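In what follows, a single structure is set out as structure tokens and then discussed.
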Amino acid sequence: MLNEKFDNQYKREVEQIEVNQDLKQKIASQLKIEPEKPMEKKTPLFVLFSPLLGVTAVALVLFFVVSPDAIENMTDPIVYGDQIDDWVFDGVDEEEVLSKSYGSTTGLGSSGFGSLSALGSSPSVISDMAMEESIGFSVGGSKDVDSFRTNIENGYLPLIDSLTYEGLFYEYFFDTGAEEVCADLFCPSYTKAVSLDPLSGEEEFYLAVGLNSGMTEADFERKKLNLVVVMDISGSMNSSFDQYYYDGYGNYMEVEEYSSDSKMEVANESVVGLLSHLNNDDRIGIVLFDDEAYEAKPVRLVGETDMNALEEHILDITPQGGTDMSEGMDMATKLLSEFEGVDADEYENRIIFITDAMPNTGDISKGGLLGMVEDNADKGVYTTFIGVGVDFQSELIESITNVRGANYYSVHSSKEFSERMDEGFEYMVTPLVFNLELVLEAEGYDIEAVYGSPEANLATGEILYVNTLFPSKTTGGETRGGLILLKLTKTSENAEMSLSAQYEDRTGTVFSTDEEITFEHTQAGSYDTTGIRKGILLSRYVDVLKNWMIDERGAMVYARDIEVSLNDEVGITAPDSIPTGSLWEQTSVPLTVAQAYQELFVQFLEHFKSEMKELDDAELEQEIEILETLVGAPRGLLEGFMEDFF
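Each number in the numbering used here corresponds to the 1-based position in the sequence shown with 180 added.
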């Protein structure tokens, strides 16, 4: 009985102080616990005090046996202060809101990373790496094309920048062609393909860069967060999630009542869902903005914050006033200024900025909002933008999130966003690779175009740049968004290539890799992996749709007939240039498709279905649905009018 009680007490004490397994074994051997023996009945007093003796024995053993080094390795529980409700925002007086001249009073509410050794991994972890699920990488910038899909679903012509190559890539998993296990933070792999253009029939040459890592899921642990969430509470956030705040002529559309599916409500619920992913040793602050900025909650440890009260405050937020995004960013920057210079191996300073991105006041220029995001990045403060609503100004945010360490997501619904954060929050806030530069040295090939990177326009014939790589989920050997595709121009029969990659980790340490490959493919229809084949298909899909959106909008703006940019002679190519619209309020345009483009979509649809069958990826069905919707969409108003008139 004594031994049983002693043993149970011993186990409880050891678990409480979180001694490691080796230390447990050492203590057990020193205690020399014997098998239980019958206890004589003449010792009832001993039995009475046996629990106390057990505790005392454990204390004595720990005092005399445990070495000072072992004691230092024990994990002391973190002691936090009282959890307090430090919300300080009480809203704006109604008279003050009424005095603001924004066309409406709508919105007044009623209520050493270069190797795994630097990650702290032991040699045994590295040797077992092949048996564990690894983590790959994806680029920064757009992390979805939800705004594009939502506009089409609701009968609107999407903005051109709502569909990006990297955003679409992140919705799919790619076989990156990685054949060897590596122990480095970043391990690029290279695959090749020769493919026939589905319109022109010409041979095209491609090289894919697989974004691999030696990390496993067991290795990865996100940094402690110093986080400020910035929330747009302007009047436009009061509009319904699936309607435009401005009509096709840029005129304000009055919102009659607070809708249950308003952008504000979706934003509030999304932030509450995001809070559930924070740990006690993270810090959280909240900034609200309309045409001014308000410090709603100072930056404080989560473990010392009444999170239930915070969630209630956020759910009570209602919209008001105009939109000055630069004010919100400026206040968030000031709140995080005290954490500048923290150890990048331990902490991540990040701003999560939630908005419909329709500023009607303030400075969004290079020296304003954009400048602040860039200056913050230089100081190690990175930004995530989350866009809400079908009228989300993706063009503005796309330009901002080309900055180092930045990314952005579109919110289709709070439920969908919550599911996405369940899978990817840890990765979203932890950029690991910066300033990636890939140099291609090849006498026989030049880089013609880059797909899947927000910095594609910076590429030259020999060099590819990528500002940031974020960790990305890998399953079954395929990585979400783990591919950058290069379209090559063949200049000679020399098939030898030299590829050099250079990058920085979070501490600024520079690493490099070199590889020699041979482009041995000689005939069309040859693909090293399904990953590069899928990348080619999705890139052509985006090329086709971007050309359509440019031509369709151009016909409406300039009252001219549609001239299809793609045909059997030129094949499928990326647009020569993408016209930029206003960086202010986005206007709605009804979804129409000219007959010439409907015919092109029918032709490309057959190609897409054929490739989908070869790739055996059911997720591609969502692109089939988009193409079929466009084939059946109304024809251009001007086109139909001219035909009826004549």
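Glycine included, C-beta positions come from ideal geometry on N, C-alpha and C.
Remember, it's a predicted structure, so these values are computed and weren't measured experimentally.
message: Please classify residue 314 as buried or exposed, where buried requires at least 16 neighbouring CB atoms within 10 angstroms.
response: The residue is buried, with at least 16 neighbouring Cβ atoms inside 10 Å.
- prompt: Is residue 720 near residue 318, with beta carbons less than 8 Å apart?
  reply: Cβ atoms of residue 720 and residue 318: not closer than 8 Å.
- request: Please go through the region 664-742 and give each complete beta strand (DSSP E) segment of 3 or more residues, from N-terminal end onward.
  value: Listed in chain order, the complete beta strand (DSSP E) runs (minimum 3 residues) inside the region 664-742 are 676-684 and 690-698.
message: Please report the straight-line C-alpha distance between residue 389 and residue 796, rounded to a whole angstrom.
response: Residue 389 and residue 796: Cα-Cα distance of roughly 22 Å.
task: Classify residue 500 as buried or exposed, calling it buried when 16 or more other Cβ atoms lie within 10 Å of its own Cβ.
output: Around the beta carbon of residue 500, 16 or more other beta carbons sit within 10 angstroms, so the residue counts as buried.
task: Measure the Cβ-Cβ separation of residue 477 and residue 495 and say whether it is below 8 Å.
output: Taking C-beta atoms as the reference points, residue 477 and residue 495 fail to come closer than 8 Å.
- request: Please classify residue 516: does DSSP put it in a helix, a strand, or coil?
  value: The answer is helix: DSSP assigns residue 516 an H, G or I state.
message: Helix, strand or coil, according to DSSP, for residue 323 in the structure here?
response: Three-state DSSP puts residue 323 in coil, outside helix and strand.
field: Range of the contiguous alpha helix (DSSP H) that encloses residue 607
entry: 594-608 is the span of the alpha helix (DSSP H), which, as asked, contains residue 607.
message: Considering only the alpha carbon of each residue, which of 808, 265, 641 and 605 lies closest to residue 485?
response: Checking every option, the nearest Cα to that of residue 485 belongs to 265.
- prompt: What residue from 782, 271 and 368 has the CA that sits closest to residue 695's CA?
  reply: Of the candidates 782, 271 and 368, the residue whose Cα lies closest to the Cα of residue 695 is 368.
query: Can you tell which of 665, 776, 808 and 814 has the C-alpha that lies nearest to the C-alpha of residue 356?
result: Of the candidates 665, 776, 808 and 814, the residue whose Cα lies closest to the Cα of residue 356 is 665.
message: Can you find the residues in the same chain that come closer than 7 Å, C-beta to C-beta, to residue 348, ignoring five residues on each side of it along the sequence?
response: Answer for residue 348: 325, 718 and 722, listed in chain order.
- request: Out of 594, 549 and 563, point me to the one whose CA is closest to residue 532's CA.
  value: Nearest option by C-alpha distance: 563.
message: Quick check on the DSSP output: the beta strand (DSSP E) that includes residue 384 runs from which residue to which?
response: 383-392 is the span of the beta strand (DSSP E), which, as asked, contains residue 384.
task: Between the Cα of residue 443 and those of 403, 594 and 523, spot the shortest distance and give me the residue it belongs to.
output: Among 403, 594 and 523, the Cα nearest to that of residue 443 is on 594.
Under the three-state DSSP convention, the category residue 453 falls into: Assigned with DSSP and collapsed to three states, residue 453 falls in helix.
message: Taking 7 Å as the cut-off, is the C-beta of residue 484 nearer than that to any heavy atom in the ligand GTP?
response: In the structure on display, the ligand GTP does not appear, and there are no ligands present to speak of.
At least 3 beta-carbon pairs within less than 8 Å: the region 625-636 vs the region 363-382: No, they do not touch.
query: Do you know offhand how far residue 793's Cα is from residue 579's?
result: Straight-line measurement puts the Cα of residue 579 at about 36 Å from the Cα of residue 793.
- request: Give the DSSP-derived three-state secondary structure of residue 259 in the structure shown.
  value: In the three-state reduction of the DSSP assignment, residue 259 falls in the coil class, being assigned neither a helical nor a strand state.
field: Straight-line gap, residue 699 to residue 375 (C-alpha atoms, nearest Å)
entry: Our two residues, residue 699 and residue 375, have alpha carbons roughly 13 Å apart in a direct line.
task: Within its chain, find whatever has a CB closer than 7 Å to the CB of residue 205; leave out the 5 residues flanking it on each side and keep chain order.
output: Unreliable placement is indicated for residue 205, whose pLDDT of 46 sits below 50; no coordinate value is reported for it.
query: Do you know how far the Cα of residue 445 is from the Cα of residue 728?
result: Residue 728 and residue 445: Cα-Cα distance of roughly 34 Å.
query: Going by beta carbon distance, what residues of the same chain come within less than 6 Å of residue 755, once the five residues before and after it are set aside?
result: For residue 755, where only same-chain residues beyond five positions count, the Cβ hits under 6 Å are 726, 727 and 730.
message: residue 441 and residue 536 - do their beta-carbons sit closer together than 8 Å?
response: No, Cβ-Cβ distance for residue 536 and residue 441 is not below 8 Å.
- prompt: Can you name, in chain order, every residue of its own chain whose Cβ lies under 7 Å from the Cβ of residue 686, other than the five neighbours on each side?
  reply: The answer, listed in chain order, is 293, 524, 525 and 612.
Of the residues 775, 648, 448 and 459, the one placed nearest residue 322, counting alpha carbons only: From the listed residues 775, 648, 448 and 459, the smallest Cα separation to residue 322 is found for 648.
task: Assign residue 567 to one of two classes, buried (16 or more other C-beta atoms within 10 Å of its C-beta) or exposed (fewer than that).
output: So residue 567 ends up on the buried side.
task: Return the residue from the list 745, 380 and 658 that minimises the CA-CA distance to residue 828.
output: No answer is possible for residue 828: the residues shown for the chain start at 181 and end at 826.
Closest by C-alpha distance to residue 511, when choosing among 392, 403 and 553: Taking each of 392, 403 and 553 in turn and checking the Cα distance to residue 511, the smallest one comes out for 553.
- prompt: Would the region 395-413 and the region 667-677 be scored as touching if the rule is three or more Cβ pairs under 8 Å?
  reply: Counting Cβ pairs under 8 Å, fewer than three are found: no touch.
Touching by the beta-carbon criterion (3+ pairs, under 8 Å), the region 456-476 and the region 502-517: Yes, since at least three Cβ pairs between the region 456-476 and the region 502-517 fall closer than 8 Å, the two stretches touch.
message: Less than 8 Å between the C-beta atoms of residue 681 and residue 746, yes or no?
response: Result no, Cβ atoms of residue 681 and residue 746 do not sit closer than 8 Å.
task: Please report the residue range of the alpha helix (DSSP H) in which residue 489 lies.
output: For residue 489, the uninterrupted alpha helix (DSSP H) run begins and ends at 487-495, by DSSP.
message: Starting from residue 791, trace the alpha helix (DSSP H) in both directions and tell me its first and last residue.
response: Its alpha helix (DSSP H) spans residues 775-795.
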